[in-house]
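With numbering that gives the first Met the number 0, letter number 283 in the sequence shown gets 282, and the count goes up by one each step, no holes.
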Amino acid sequence: MNSDTGYVWWKHGVMCEIWPRSYYDTNSDGSGDLKGITAKLDYLADLGIDGIWLGPINASPMVDSGYDVADYRTIHPIYGSMQDFEDLLCEAHKRSIHIIMDLVVNHTSDQHAWFKESRSSRNNPRRDWYIWHDSKGGGPPTNWKALVGGSTWEWDRATRQYFLHSFLKTQPDLNWRNTAVRKEIYDTMRFWLDKGIDGFRCDILNYFLKDEQLRNNPFSLSAGPFNGFQKHLYTRNQPGMYDILKEMRAVLDEYQDRMMVGEVYVAEEGPSMAAAYLGDEGELSHLSFEFSLVFCKWGAHRFSDALMNWYSLIPPKAWPCNVLSNHDRPRAATRYAAGEDTVKRMKVLAAMLLTVWGTPFMYYGEEIGMPNSRITRKDVMDTVGKMYWPIVKGRDGERNPMQWNDGPHAGFSEARPWLPLNDDYSETNVDIQMNQPTSLLNFYRRLIALRREKPALYMGSFEKSPSHSDIISYCRTYHTEQAYAVLNFSDNRLAHTCTPDGDWTVLLGTHRSAGAAVGRGSFEVYPYEVLILERSK
Ligand code: GLC
């Protein structure tokens with residue numbers, strides 16, 4: 000924290016998730032690498048971000064794109080070396096950019112030495128590092144379903160027991176009830192914190208514990224296919240998580256200014272569960288991802304309801320974060336594509352993400368309105384896509400190579416990229432947008448700079464204002480400073496009256512110049528207009 004201004008990087012700053020394999024390739028193998036991210040730090044600093052969340056970079060057989068870790072303390076060679084990582088960290092810090100690493104410790108890869116030992120015999124000292132059980136009535140011990148479908152239990156022929164996996168069967172779950180496992184994970188956290196990293200994004204944090212009594216999950220139609228049509232009563236959010244979170248937090252608190260953000264994967268439990276992981280006093284995870292915005296259909300009232308519901312659940316001393324896209328869901332520019340209006344929609348969303356209450360997490364390429372790539376059967380890398388094609392095509396589309404320019408391979412690599420580029424890269428790319436004053440990229444840059452300048456926008460109170468149902472409007476107040484946003488999510492002209500009443504001046508907008516006055520009383524808002532106003536002095 001900067002003690003002069005009260006600026007806390009993970010609360011008030013802007014974070015950007017980067018998928019390392021798709022950012023920038025410096026060794027011409029078609030895959031992005033750590034040196035590539037270092038090479039683009041000036042771009043990221045110019046964009047104005049405060050932190051990078053790096054997708055997983057540890058050694059891994061890549062069956063789940065690195066979310067299957069084979070060694071927590073080494074870097075996968077595809078990304079480079081430990082030295083490359085340390086260089087990235089050092090260069091990022093020079094530019095006041097923080098580094099958040101993915102911590103994937105609900106499970107390991109089945110290629111991790113721990114699991115190899117664990118499955119080698121029932122008497123192995125590491126047997127209990129994973130969750131092993133005898134069969135029940137000739138079948139699996141419970142009816143529990145994995146997140147990708149099928150049973151969570153996999154039979155091990157050699158040792159004649161089942162092991163548990165919440166995700167793929169090549170990702171056995173660690174036994175978090177074993178204190179030696181916990182100690183090892185906490186030491187691994189220290190290993191990276193000692194190197195100077197600034198935080199962790201904790202993968203499927205709410206899955207760490209499972210019911211010890213092995214009770215069956217009840218059937219639930221509304222839970223849908225990805226929850227195996229069951230209510231995950233006994234496989235996530237189990238009692239005991241509180242202690243684990245406290246322990247993880249204590250590790251982070253041994254250091255200064257570090258943080259964690261949890262991926263709290265919920266279905267029918269709803270956002271209240273994500274909020275619970277923050278703790279009543281904000282004493283648990285610093286931030287929790289909540290995915291209502293990612294699942295919202297287009298519409299001001301929908302986004303507004305999702306946000307207001309999320310805010311109402313945040314414990315008094317805790318802090319929300321907001322996200323529109325990530326590596327598991329189609330990009331916003333694809334989800335909300337509307338032909339010629341797509342970029343206008345992306346500007347409205349950008350303004351919302353960057354001026355509402357909470358830490359914004361962007362997804363790389365979001366700032367240029369990058370859509371998903373089109374993936375055909377032969378391109379599929381994601382195991383989920385391989386398993387369920389064509390019903391579920393996997394997550395490769397949103398993990399696509401960054402579009403830097405209109406040159407060969409979009410300037411991402413000199414070689415053929417590991418995943419297909421989007422056809423639109425000759426028009427949608429960083430180089431072109433950098434030179435267009437009204438581009439989405441320049442809009443993001445101006446918004447982030449404005450946010451940085453105005454405490455009302457990054458730490459002010461948040462009050463929603465009355466508006467037409469196609470508009471979201473809200474006021475942010477910090478001491479005497481007041482900012483006011485009017486975001487028209489529709490392609491219609493709509494009447495709006497600023498509340499609280501007063502004289503307002505444009506700070507930033509899509510249709511009016513900075514400094515223009517917006518009168519008292521009703522005025523017309525243009526289709527997809529973004530207006531960020533300031534109370535006139
Ligand atoms: C998380 C990750 C996802 C991964 C899964 C299993 O949901 O975001 O990409 O496949 O966990 O680790």
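In this text, a Cβ means the ideal position worked out from N, Cα and C, and glycines have one as well.
All values reported here derive from a predicted model rather than from experimental measurement.
### Message
Given the structure, does I203 come close to ligand 1, in the sense that its CB is under 7 angstroms from one of the ligand's heavy atoms?
### Response
Locating residue 203 in the sequence shown gives position 204, counting from the first residue. Because some heavy atom of ligand 1 lies under 7 angstroms away, the Cβ of I203 counts as near it: yes.
### Message
If distances are taken between C-alpha atoms only, which option among Y424, L530, M307 and R176 comes closest to T504?
### Response
Position 505 of the sequence shown, counting from 1, holds the residue named residue 504. The shortest C-alpha separation from T504 is found at L530.
### Query
In three-state terms, what does DSSP make of E268?
As a first step, residue 268 is located in the sequence shown; it is residue number 269 there, counting from the start. Coil, per DSSP.
### Query
Taking the alpha-carbon positions, what's the A249 to H106 distance?
Against the sequence shown, residue 249 aligns to sequence position 250. Against the sequence shown, residue 106 aligns to sequence position 107. Taking the straight line from one Cα to the other gives about 22 angstroms.
### Query
Where D41 and R94 are concerned, what is the direct C-alpha to C-alpha distance, given to the nearest angstrom?
Taking the sequence shown and counting its residues from 1, one reaches residue 41 at position 42. Taking the sequence shown and counting its residues from 1, one reaches residue 94 at position 95. Their Cα atoms are separated by approximately 8 angstroms.
### Query
ligand 1 heavy atoms versus the CB of H111: any closer than 7 angstroms?
On the sequence shown, residue 111 is found 112 positions in, with the first residue counted as 1. It does not: the Cβ of H111 is nowhere closer than 7 angstroms to a heavy atom of ligand 1.
### Near ligand 1: V103 beta-carbon under 7 angstroms from a heavy atom
The residue given as residue 103 occupies position 104 in the sequence shown. Checking every heavy atom of ligand 1 against the Cβ of V103, one is found closer than 7 angstroms.
### Task
Please report the Cβ distance between M81 and W191, rounded to the nearest whole angstrom; I am assuming they are in contact, meaning their Cβ atoms lie under 8 angstroms.
Along the sequence shown, one-based indexing puts residue 81 at 82. Along the sequence shown, one-based indexing puts residue 191 at 192. That pair is no contact at about 11 angstroms.
### Message
At 3 residues or longer, what runs of the beta strand (DSSP E) sit wholly inside the region 85-118?
### Response
97-102
### Message
Am I right that S21 and G29 are in contact with their C-beta atoms under 8 angstroms? What's the rounded C-beta distance?
### Response
Walking along the sequence shown from the start, residue 21 turns up at place 22. Walking along the sequence shown from the start, residue 29 turns up at place 30. Not quite, the Cβ-Cβ distance comes to about 10 angstroms (not below 8 angstroms), so this is no contact.
### Query
What span of residues does the alpha helix (DSSP H) with E452 cover, start to end?
As a first step, residue 452 must be located in the sequence shown, where it is residue number 453. Where E452 is concerned, the enclosing alpha helix (DSSP H) stretches over L439 to E452.
#### Entry: Close Cβ partners of H478 (< 7 angstroms) along its chain, the five nearest in sequence each way excluded
The sequence position of residue 478 within the sequence shown is 479, counting from 1. Correct list: empty, nothing qualifies.
### Query
What whole-angstrom Cβ distance do S425 and D405 have, given they're in contact under 8 angstroms?
For the purposes of this step, residue 425 is taken as the residue at position 426 of the sequence shown. For the purposes of this step, residue 405 is taken as the residue at position 406 of the sequence shown. So it is a contact: roughly 4 angstroms between Cβ atoms.
### Task
Please say whether I96 and I51 have beta carbons closer to each other than 8 angstroms?
For the purposes of this step, residue 51 is taken as residue 52 along the sequence shown, with counting starting at 1. For the purposes of this step, residue 96 is taken as residue 97 along the sequence shown, with counting starting at 1. For I51 and I96, yes; Cβs fall inside 8 angstroms.
### Task
Work out the CA separation of M458 and Y310 for me, nearest whole Å.
Your numbering for residue 310 matches position 311 in the sequence shown. Your numbering for residue 458 matches position 459 in the sequence shown. Their Cα atoms are separated by approximately 14 angstroms.
### Query
Grouping DSSP H, G and I as helix and E and B as strand, with all else coil, what is M345?
Taking the first residue of the sequence shown as 1, we reach residue 345 at position 346. M345: helix per DSSP, three-state reduction.
### Query
Around the C-beta of L213, are 16 or more other C-beta atoms found within 10 angstroms, so that it is buried, or is it exposed?
The sequence position of residue 213 within the sequence shown is 214, counting from 1. Counting Cβ neighbours within 10 Å, L213 comes out exposed, since fewer than 16 surround it.
### Query
Around the Cβ of E289, are there at least 16 other Cβ atoms within 10 angstroms (buried) or fewer (exposed)?
As a first step, residue 289 is located in the sequence shown; it is residue number 290 there, counting from the start. With 16 or more Cβ atoms within 10 Å of its Cβ, E289 is classed as buried.
### Simplified DSSP assignment, three categories, for T366
Within the sequence shown, numbered from 1, the residue matching residue 366 stands at position 367. Per the sequence shown, the amino acid found at residue 366 is Glu instead of Thr. E366: helix per DSSP, three-state reduction.
### Query
Can we count H326 as close to ligand 1, meaning its CB is less than 7 angstroms from some heavy atom?
Here residue 326 refers to the residue found at position 327 when the sequence shown is read from its first residue. The answer is yes for H326.
### Query
Within 7 angstroms: the Cβ of E528 and any heavy atom of ligand 1?
As a position in the sequence shown, residue 528 is number 529, starting the count at 1. Incorrect: E528 has no Cβ contact closer than 7 angstroms to ligand 1.
### Message
Just to confirm my understanding: we take W113, look at its own chain, exclude 5 residues before and 5 after, and list those with CB closer than 7 angstroms. What are they?
### Response
Counting from 1 along the sequence shown, the entry for residue 113 is found at position 114. Answer for W113: T107, R125 and W128, listed in chain order.
### Query
Among residues of its own chain, excluding the 5 on either side of N123, which ones have a beta-carbon nearer than 7 angstroms to its beta-carbon?
Mapped onto the sequence shown, residue 123 falls at position 124. If we look at N123 and ignore the five residues flanking it on each side, its Cβ neighbours are E116 and S117.
### Query
Taking the alpha carbon of E267 as the point to measure from, which residue in D133, D83, L220 and I367 has its own alpha carbon closest?
Locating residue 267 in the sequence shown gives position 268, where the first residue counts as 1. Looking at the Cα atoms, L220 is the closest of the given residues.
### Query
Is there at least one non-hydrogen atom of ligand 1 closer than 7 angstroms to the beta-carbon of D63?
To locate residue 63, count along the sequence shown from 1; it is residue 64. Indeed, a heavy atom of ligand 1 lies less than 7 angstroms from the Cβ.
### Query
Just the Cα atoms here: how many angstroms apart are F360 and D423?
Position 361 of the sequence shown, counted from the first residue, corresponds to residue 360. Position 424 of the sequence shown, counted from the first residue, corresponds to residue 423. Distance between the alpha carbons of F360 and D423 is about 24 angstroms.
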